[in-house]
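Asker:
Protein chains: 2
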Amino acid sequence: MVIAFFKILNLEPTESMMNTELILKNVCKHISLDKVEKDFFISLLEPKTLRRKKIYLQAGEVCRNSAFVIDGALKSYTIDKEGKEHILSFATKDWWIADMYSYISRKPAILTIEAIADSDVLLLSYENQQLLYDKVPKFERFFRILIENALVANQQRLIDNLSSSAEDRYLHFIKKYPSIPSCVPQHNIASYLGITPEFLSKIRGRLARKKA
Amino acid sequence: MVIAFFKILNLEPTESMMNTELILKNVCKHISLDKVEKDFFISLLEPKTLRRKKIYLQAGEVCRNSAFVIDGALKSYTIDKEGKEHILSFATKDWWIADMYSYISRKPAILTIEAIADSDVLLLSYENQQLLYDKVPKFERFFRILIENALVANQQRLIDNLSSSAEDRYLHFIKKYPSIPSCVPQHNIASYLGITPEFLSKIRGRLARKKA
DNA sequence: CGTCTATTTGAATGTACTCAAAAGCGGTGG
DNA sequence: CCACCGCTTTTGAGTACATTCAAATAGACG
């Protein structure tokens, strides 16, 4: 909540306040940047603080930004015709989140994005991203790689959904994302796995009994 | 099967034989190319003909190429521990197919890719793709967009799987890909939808009776 | 025409869901 | 500090959706 603190004092956030280290490290995993490029990139970001339950993007609006999570946790989800929430993705520290469809097509978002916990994010607007592509073409590569990885992860998840039981999917989830269960309510995890909260509870009961 | 014909005669396929129009049109939907760039791109492609049931990529091997389908139909799938096949994607005319994970990581493929019908494809090797990125950076953009679209489609499918019944998923599928049911056996569609062939048959029976 | 594979049909079963109610768990105020 | 509130999780009984297994039909190809 560092950024929030400076916001309250009504100071312009500076680089040091923004905790740019994390995002630069994230980018430099895939491309190398010199000082000027780093500074330019950082200058395009807008820090933002979200309180728990704050809806950052409402389905129906155009998603104008990609958000990089510095701290906290967000979720993206759809609401079906019966009013049920289905979580497409979580994003915690060091992850990006957006309604990809809306962001790239400039059409109304299908997803709603909401803070699960108080969160600090850095926003990169679509316009700034295009600017970035023009001035520092390396970023085409960075975001291509980012999306490639997202696609692969998504495909894995799809295969998982097609081939595994709810129990196996849950076990796989807590193994792959051990940090998430601690910061996300259980019924959200059920939604992500595509099962009801009641059933997830029963699975957990069964597993606990099995272990004992 | 034009390419196959020339292969039999042992002639080097030329541009005109390769039906490059389709792939160039596919590329030029997103980036514009001059003659030299087009020719260079085409020079990096390798035409290949696959008979029905031919396994083009075996899980465990490294996926060295992306395949663009000129004609025919392919599927990518995994086999689970119980020996059941789960189809991740189909590819017909004007689509790309690869084991994305293996292709970008150079690690053993998770997916097997197989021709469902006799097919003609154009292969772009990983090395040639890197070459292409170097010489014609616009292609970074093209493949980024391609993957963005693939990611969005995948996310949609995931949401669909989380939120809809098998019947709704089937209806959605035949609406979205009306051309596929005619060239793909029904049990493959069941596998894609994540249900058993028997159950898909029952759904179809129910729908037919409903309509009448 | 016979063989092989794909699809359909039916009965029994299992996995996951619905609905309802109870128990747990922070917070907040008296 | 305890009592109460709202929200999440657990538990249980009954139900629905989808699977398994087995057998019958239908289609495709030599």
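Chains as they are written, first to last, in the working numbering: chain F, 1 to 212; chain E, 1001 to 1212.
Backbone N, C-alpha and C fix where the C-beta goes; we use that ideal spot for every residue, glycine too.
1) I need the straight-line Cα distance from E:K1065 to E:P1047, nearest angstrom please.
2) Could you have a look at E:V1027 and say whether DSSP puts it in helix, strand or coil?
3) Taking DSSP as the reference, what is the three-state secondary structure of F:S102?
4) In three-state DSSP terms, what is F:Y77?
5) Spatial neighbours of F:H30 within its chain, please: CB distance less than 6 Å, with the 5 preceding and 5 following residues excluded, ordered by chain position.
6) Grab the span of the alpha helix (DSSP H) containing E:A1166 for me, first residue to last.
7) State buried or exposed for E:E1198, treating a residue as buried only when at least 16 other CB atoms are found within 10 Å of its CB.
8) Taking the C-alpha atoms as reference points, what is the distance between E:Y1177 and E:D1094?
9) Where in the region 30 to 73 of chain F do unbroken runs of the beta strand (DSSP E), each at least 3 residues long, occur, reported from the N-terminal end onward?
10) Of all the options F:E148, F:P108, F:E114, which has the alpha carbon lying nearest to the alpha carbon of E:Y1101?
11) Along the chain, where does the alpha helix (DSSP H) containing E:A1115 start, and where does it finish?
12) Taking 8 Å as the threshold (beta carbon to beta carbon), is E:G1060 in contact with chain F?
13) Identify each residue in the region 151 to 164 of chain F for which the Cβ-Cβ distance to at least one residue of chain E is less than 7 Å, and report them in chain order.
14) Is the Cβ of E:G1083 closer than 8 Å to any Cβ of chain F?
15) Beta-carbon within less than 7 Å of F:A208's beta-carbon, same chain only, minus the 5 sequence neighbours each way: which residues are those?
16) On the premise that E:L1057 lies in contact with E:D1099, defined as a C-beta separation below 8 Å, what is that separation, rounded to the nearest angstrom?
17) Which whole-angstrom value is the C-beta distance of F:C183 and F:A117, which I expect to be below 8 Å?
18) Taking C-beta pairs closer than 8 Å, name the residues in chain F that E:R1106 reaches, listed in chain order.
19) Please state whether the Cβ-Cβ distance between E:S1119 and E:L1074 is less than 8 Å.
20) E:I1203 to E:E1167, Cα distance in whole Å?
Answerer: Based on what the coordinates show:
1) Residue numbering aside, residue 1065 of chain E sits at position 65 when the second sequence is read from its first letter. Residue numbering aside, residue 1047 of chain E sits at position 47 when the second sequence is read from its first letter. It is Asn, not Lys, that sits at residue 1065 of chain E in the sequence shown. If you take the alpha carbons of E:N1065 and E:P1047, they lie about 12 Å apart.
2) Walking along the second sequence from the start, residue 1027 of chain E turns up at place 27. The answer is helix: DSSP assigns E:V1027 an H, G or I state.
3) To locate residue 102 of chain F, count along the first sequence from 1; it is residue 102. In this structure, F:S102 counts as helix in the three-state DSSP scheme.
4) On the first sequence, position 77 is the one that residue 77 of chain F refers to. Of the three classes helix, strand and coil, the one that applies to F:Y77 here is strand, per DSSP.
5) The residue given as residue 30 of chain F occupies position 30 in the first sequence. Excluding sequence neighbours, F:H30 sits near F142, I145.
6) Taking the first residue of the second sequence as 1, we reach residue 1166 of chain E at position 166. Where E:A1166 is concerned, the enclosing alpha helix (DSSP H) stretches over 1166 to 1176.
7) Here the question's residue 1198 of chain E lines up with position 198 in the second sequence. Exposed, by the Cβ-count rule.
8) Indexing the second sequence from 1 puts residue 1177 of chain E at position 177. Indexing the second sequence from 1 puts residue 1094 of chain E at position 94. About 13 Å.
9) 45 to 50, 55 to 57
10) Taking the second sequence and counting its residues from 1, the one referred to as residue 1101 of chain E is at position 101. Of F:E148, F:P108, F:E114, the residue nearest in Cα terms is F:E148.
11) Here the question's residue 1115 of chain E lines up with position 115 in the second sequence. No alpha helix (DSSP H) contains E:A1115, which is instead part of the beta strand (DSSP E) from 1112 to 1115.
12) Walking along the second sequence from the start, residue 1060 of chain E turns up at place 60. Judged by the 8 Å Cβ criterion, E:G1060 is not in contact with chain F.
13) Against chain E - using a Cβ distance shorter than 7 Å - the residues of the region 151 to 164 of chain F are L151, V152, N154, Q155, R157, L158, I159, N161, L162, S163.
14) Within the second sequence, the letter at position 83 stands for residue 1083 of chain E. No, E:G1083 lies away from the interface with chain F (no Cβ there is under 8 Å from its Cβ).
15) Looking up residue 208 of chain F in the first sequence gives position 208. Excluding positions up to five away in sequence, the list is empty.
16) Reading the second sequence from its first residue, position 99 is the one you call residue 1099 of chain E. Reading the second sequence from its first residue, position 57 is the one you call residue 1057 of chain E. Confirmed, about 6 Å.
17) By one-based count along the first sequence, residue 183 of chain F stands at place 183. By one-based count along the first sequence, residue 117 of chain F stands at place 117. At roughly 6 Å, the Cβ-Cβ gap stays under 8 Å, so F:C183 and F:A117 are in contact.
18) Here residue 1106 of chain E refers to the residue found at position 106 of the second sequence. None at all; the shortest Cβ gap to chain F is about 13 Å.
19) Position 119 of the second sequence, counted from the first residue, corresponds to residue 1119 of chain E. Position 74 of the second sequence, counted from the first residue, corresponds to residue 1074 of chain E. E:S1119 is a Cβ neighbour of E:L1074, given a cutoff of 8 Å.
20) Counted from its first residue, the second sequence places residue 1203 of chain E at position 203. Counted from its first residue, the second sequence places residue 1167 of chain E at position 167. Looking at the two C-alpha atoms, the distance is approximately 6 Å.
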